[in-house]
Structure formats: structure tokens, C-alpha cells
Amino acid sequence: SQQGEEDPQALSIQEGENATMNCSYKTSINNLQWYRQNSGRGLVHLILIRSNEREKHSGRLRVTLDTSKKSSSLLITASRAADTASYFCATDWGTPLVFGKGTRLSVIA
Amino acid sequence: NAGVTQTPKFQVLKTGQSMTLQCAQDMNHEYMSWYRQDPGMGLRLIHYSVGAGITDQGEVPNGYNVSRSTTEDFPLRLLSAAPSQTSVYFCASSDRQGGEKLFFGSGTQLSVL
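Next comes the structure, spelled out in C-alpha cells:
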């Protein structure tokens, strides 16, 4: 069974807008990671946030983690057409990483 | 430094045939794993290994075998292919079990007729 669930399943925005994706999970975790998958390709690691961290930044990416609500969000600022991809959260709770079903982001130029 | 290499990229099998999906990494990673990705299902873990000679089952292991004789290689064997095994298969590795970022191969698209 999958630990993380992303929301929304699909998101369509205009270039330059911000995109926010959410991930909810069920049990206590050690860390939470976000990955990107371009169509037909393997997943690429974006960012890792540990359970004792609340926010992390990497370039145009901002990830927050709320362990009391068992949720995380990924914000992509000033989106570009090249950000069009599927985004997955993955949770580590002492076992191999468990992935959610992903959010499909479309950025329209 | 090639990272994680998967072969073949595409494969068509008939029901009942067997085959091996190859995965090799050149990063000296101890941890390797196999996932399958189906539409609407996300990625599901098939098998994983925390080091040479050690393997364990994931969420969907039935119909698949693995072995880990070297640190570099982690092949996935389909013993008797079934249409339900039509999927995209990804191999991934990291420098320790589970907790750190995974490096993924480019995938094998398998169709079983």
C-alpha cells in the first residue's frame, strides 16, 4: 500500500505562475523526498526534508513539512514550460522508499 | 560515470516466456531496488537489496526473482511472463538503505502479449 498521496492528481498553470503540490502520509517518517519524472524518463531527485526540518529551499523549489498534520507541500515558483512533468513524494519510515501516485503538472507557455 | 544503466529499453514477450532485465550501477552503492510503474498506480517496489548476497521482497514480488552477486549488478528475472506484468520497470540505487536519495535508471518498457 502507498504511504504518500499527492494532491491534486493534475495541475495546469500558465508560465510564470506558481505551482503548489501537496503530499499526505499516514505514519511517522524519517524524511520525505520529492522527485520529478519527465515523460518516458526515470525519476530525478529534487529535494529531501528531514522530520526535524520545517522548510527547505532549492532554487525555485520550496518544500514544507508539517509532521503534526502528516503533510508536505512542494512549491515551484515562476514556473517554466520545462517544469512540465509528474512530481512524486516519497516517504522513508525505516523501510525502502514508498512513492505516491504523483501530480501531473502542465505549464502552458 | 554512467550512473544506473538499464537494459533493454523495450521488450515484447509472449505469455510464458522468461527474461532478465539488467541493472548496473557504477557509484558503488550498497542499496539497489526494482520498481514497476503502472498508469494510475505510481511506483511499486518489487524487490530490493542492501548489499551483495542480500535481497528482500517489496510490495509486489510475485512472479519476479532477483539476486545480488556483486555490488554493481542487480538483475530482475521474470520466470514465466504474464500480461499483468506489462509495465515500465525502474531500477534505482542509493548509498544506503532507504533513507537517502535514489538514483534511477531510464527504465525498461515491457509488454507481455
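As you go down the protein sequences, you meet chains A and B in turn. Position 37 (the first sequence) corresponds to 37 in the working numbering; numbering is contiguous. Going from the second sequence to the working numbering is simple: count from 1 and add 1000. All C-beta atoms in this analysis are idealised placements derived from N, C-alpha and C, irrespective of residue type, glycine included.
Are the beta-carbon atoms of residue 47/A and residue 107/A separated by less than 7 angstroms? no
When you compare the CB positions of residue 71/A and residue 39/A, do they come within less than 7 angstroms of one another, or not? no
Against chain C, which members of the segment 80–104 of chain A pass a CB distance test of less than 9 angstroms? The chain inventory of the structure shown lacks chain C, comprising the protein chains A and B.
When the Cβ atoms of the segment 45–59 of chain A are set against those of the segment 1004–1013 of chain B, are three or more pairs found closer than 8 angstroms? no
Under a CB-based cut-off of 7 angstroms, is residue 16/A close to chain B? no
Report yes or no: do the segment 1006–1020 of chain B and the segment 55–73 of chain A share at least 3 C-beta pairs separated by less than 8 angstroms? no
List in chain order: all unbroken alpha helix (DSSP H) runs of 4+ residues lying wholly within the segment 14–55 of chain A. none
For the segment 1054–1068 of chain B against the segment 1100–1107 of chain B, do three or more pairs of beta-carbon atoms, one drawn from each stretch, fall closer than 8 angstroms, so that the two count as touching? no
Short-range partners of chain B found in the segment 41–61 of chain A, where Cβ spacing is below 8 angstroms: 41, 42, 43, 44, 45 and 48
Looking at the unbroken beta strand (DSSP E) that takes in residue 1108/B, where does it start and where does it end? 1108–1112
Near residue 1029/B, what residues of its chain come up, given a Cβ to Cβ distance below 7 angstroms and the 5 sequence neighbours on each side ignored? 1093, 1094 and 1095
What are the boundary residues of the beta strand (DSSP E) that residue 1090/B is part of? 1087–1094
Roughly how many angstroms separate the alpha carbons of residue 73/A and residue 42/A, rounded to a whole number? 22 angstroms
Roughly how many angstroms separate the alpha carbons of residue 1088/B and residue 1019/B, rounded to a whole number? 15 angstroms
Assign residue 1080/B to one of three DSSP states: helix, strand, or coil. coil
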